[in-house]
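Take 1 as the starting number for the sequence shown in full-length UniProt numbering and just add one per residue.
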Amino acid sequence: MPNQIPEETIEEVRKANDIVDVIGEYVQLKKQGKNYFGLCPFHGENTPSFSVTQEKQIFHCFGCGKGGNVVTFLMEMENFSFFEAMEHLAGRSGISLPKTSRHEESSLSEENQSVLAAYEWLTKLYHHLLRFTKDGKEGYNYFKQRGISEETADIFQLGFAPNDNDFTAEFLKKKGFHQQLLVKAGLVSLQEDNKVTDRFRGRIIFPIRNHLGKTIAFGGRTISNGEPKYLNSSESELFQKGKLLYNFDLAKKHIRKSSEAVLFEGYMDVISAYQAGVKNAIATLGTSLTTNQAKLLKRYVDTVIICYDGDDAGIEATYKASSILKETGCHVKIARLSDGMDPDDYINAHGDIAFQNDVIKASETYISFYMRYIKRSYNLNLEDDRFKYIAAILKELAMIDSSIEREYYLKEISNEHNITIETLKQEMHTHRKEVEQNKDKRQENRYTNRANNNYQTKKLLPAFQNAEKQLIAYMLKDAAITDKVQEEIGAAFNMDVHKIIVTHLYAYYEEDHPADVSYFIEKITDQDIKNLVIEIAMLYTDDNISDKQINDYIRIIRSENSDVASLKALKQEQRLAEQQQDPQRALQIGMQIIEIQKQLNNSH
């Protein structure tokens, strides 16, 4: 069919993209037993309930209930259409989709597609001007003086916008872009006389890319004395700076590999650090770190190293960023820059190796930074201030779970202020009790109730319902078991939703498809049914299941069917006896109904 991807191509693309690798680009996954676990990207949580199984190539969140395969994950995560998800996976694995399947299907509006296209054209244009023309020489020289190589300029697609009012507008007009769209996208500015001027004219250009590597905005820096010094594209549906991190698309694979992210304040710091070998470098976009950005980092790593400027403003910003990262559960380290230097200055002054070893690898713990930070607020020559300082440190130390780490810093305080370690321990113990009590309450509210509810729900499920779920789990992994079940009970399951699943499954196997739940769910259009199939597929199954166990499941399902059918027949017979005014017979039947209901309740 035209504009349709053949099934064999879909299967080839799906098999070429291991679900653990693909999801691992969005979530920090840790192996536990056969499965991988991480923080769910679809709802907020602090304890991993998001599970990925490599064997079955599916994912399932026990918290929010979402589940699917590698294709549905991308559709959910990126708001992709099916075609866009396939196109992304095909490109990722070097597979070409048939030309007949190419079409204009997109999850983005036409306007946003045009904005992306405009940014793509300008990224290439500004970069070309910088690298190869006289018009960009001013920008080229600036980067050269800052120690940025041509190779690095190519990697980051650094550019220069000529100091010409209508250069950009005329270029994009010739490419077919409407002026109104360009004004709305913030690429050009509309003047009072209705003429447009280039928003970034005379500035060096830092393309801001989303996590997929597409330019969605520009950061422009003046290299004269113009104001403002830095200028970003205006915010839009595509560009929300509080949710993005600069260079995240290039850094994320290095972040995964090193299990650390290094957070900087500015574009040049990131570029210099990347060139110096710190590939896991990212930055905020001209604003303070936001909770959204911290949560994004937490999905990928446990540890974030903050490398802000060494001046007073940088130290204040470091403290604020640390607090937000710690609140989201990140382990925080601080890269210390002396003499008020910024990272770019340090690299230029001391070189790449010194920056890697003496700054990044030598990062101090958060508590060491906190002690240095809080000390600035007190005059330790005054006795009262000294007591307040020690009290503040003890409160912070009480938050640390590691007893070894607490002991280390208590000794440091003891030696510095000539107070016995026993006295310090006693004082900190009070704060520690408060911390543990609060933690217990949070644990109880967050996990225990939910765990109890889940346990009770499972415990209260009727025996026949558990039998049906377990039987379907085996049917999903073995066509021979499905044949046996189809022959013995067909679709005569007691739960309507289970009848729907097995009916789909019978049809699936009749078309000679393999026992592959990841492929099977592609055939189901109802999202609720699809999620239930995934949930059932995640149940434990014995690789050496016996015929007797399968027969036991079938017997329980049949028994429920039989009892329900008997109950229905007896209720009709009782109504008939009442109509015939035979109370004795109606009473006898009523006693039989009560007995069957008791049996049913006991089996539940």
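Yeah, the Cβ is synthetic: ideal placement off N, Cα and C, and Gly gets one too.
- Item | Alpha-carbon spacing of N452 relative to L461, whole angstroms | For N452, the predicted structure reports a pLDDT of 42, less than 50, and the residue's modelled location is therefore unreliable. The matter cannot be settled from this model.
- Can you list, in chain order, the residues of its chain whose CB lies under 7 Å from that of K56, leaving out five sequence neighbours each side? V517, S518, A537
- Query: If you pair each beta-carbon of the region 84-103 with each one of the region 151-166, do three or more pairs fall below 8 Å?
  - Reply: no
- Message: Let's see if you can read the secondary structure: which residues bound the alpha helix (DSSP H) around F464?
- Response: 463-477
- Message: Please classify V497 as buried or exposed, where buried requires at least 16 neighbouring CB atoms within 10 angstroms.
- Response: exposed
- Task: Starting from K333, follow the beta strand (DSSP E) in both directions and report where the run begins and ends.
- Result: 331-334
- Task: Mark R575 as exposed unless 16 or more other C-beta atoms lie within 10 angstroms of its C-beta, in which case mark it buried.
- Result: exposed
- Using the rule of at least 16 other Cβ atoms within 10 Å of the residue's Cβ for burial, across every protein chain shown, is L587 buried or exposed? exposed
- Exposed or buried, R14, counting other C-beta atoms within 10 Å across all chains shown (16 or more means buried)? buried
- Please classify Q191: does DSSP put it in a helix, a strand, or coil? coil
- Task: Given a cut-off of 7 Å, decide if L505 and T482 are closer than it, judged by their beta-carbon atoms.
- Result: yes
- Task: Compute the distance between the beta-carbons of A394 and E427, then report whether it is under 7 Å.
- Result: The question names Ala, yet the displayed sequence has Leu at residue 394. It is a contact, given that the beta carbons lie within the stated cut-off.
- Give the C-beta separation of A276 and F355 to the nearest angstrom, bearing in mind that I take them to be a contact with Cβ-Cβ under 8 Å. 5 Å
- Collapsed DSSP secondary structure at K315 in the structure displayed: It should be pointed out that residue 315 corresponds to Ile in this sequence rather than to Lys. Helix.
- Can you tell me whether P41 is buried or exposed, with buried defined as 16 or more other CB within 10 angstroms of its CB? buried
- Task: Would you kindly report the start and end of the unbroken beta strand (DSSP E) that includes E150?
- Result: Segment 150-155 is the alpha helix (DSSP H) holding E150; no beta strand (DSSP E) there.
- Task: Identify which residue in I315, S414, H350 has its Cα closest to the Cα of S377.
- Result: I315
- Message: Measuring alpha carbon to alpha carbon, tell me which residue in F493, K137, G24 is nearest K252.
- Response: G24
- Task: Would you kindly work out how many angstroms separate the C-alpha atoms of V301 and T53, rounded to a whole number?
- Result: 20 Å
- Message: Less than 7 Å between the beta carbons of Y508 and K523, yes or no?
- Response: yes
- Counted within 10 angstroms of its Cβ, other Cβ atoms place N232 as buried (16 or more) or exposed: buried
- Contacts around K326, its chain only, beta-carbon distance under 8 Å, and the 5 residues preceding and following it disregarded: V332, Y366
- Proximal residues to T420 (C-beta, below 8 Å), its chain only, five neighbours per side dropped: S414
- Return yes when the Cβ of C61 is within less than 7 Å of the Cβ of F73, no when it is not. no
- Task: With DSSP as the reference, label G139 as helix, strand or coil.
- Result: helix
- Message: Assuming A467 and I556 are in contact, meaning their beta carbons sit under 8 Å apart, how far apart are those beta carbons, in whole angstroms?
- Response: 4 Å
- Query: Does the beta-carbon of I208 have 16 or more other beta-carbons within 10 angstroms, so that it is buried, or is it exposed?
  - Reply: buried
- Query: Of the choices L289, T525, F143, whose alpha-carbon is the least far from that of K320?
  - Reply: L289
- Item | Beta bridge counterpart(s) of G219 as assigned by DSSP | F206, N232
- Item | Three-state class that DSSP yields for T303 in the structure shown | strand
- Query: Count the other CB atoms within 10 Å of the CB of L424; is the residue buried (16 or more) or exposed (fewer)?
  - Reply: buried
- Message: Residues in the same chain with beta-carbon distance under 7 Å from K229, minus the five sequence neighbours each way, listed in chain order, please.
- Response: R221, T222
- Item | Proximal residues to residue 617 (C-beta, below 8 Å), its chain only, five neighbours per side dropped | As shown, the chain starts at 1 and ends at 604. That puts residue 617 outside it, with no answer to give.
- Taking one C-beta from the region 169-177 and one from the region 232-248 each time, how about it: are there three or more such pairs within less than 8 Å? no
- Below 6 Å CB to CB, which residues in the same chain sit around F464 once its five sequence neighbours on both sides are set aside? N494, I556, I557, E560
- Rounded separation between I305 and E260 - CA only: 7 Å
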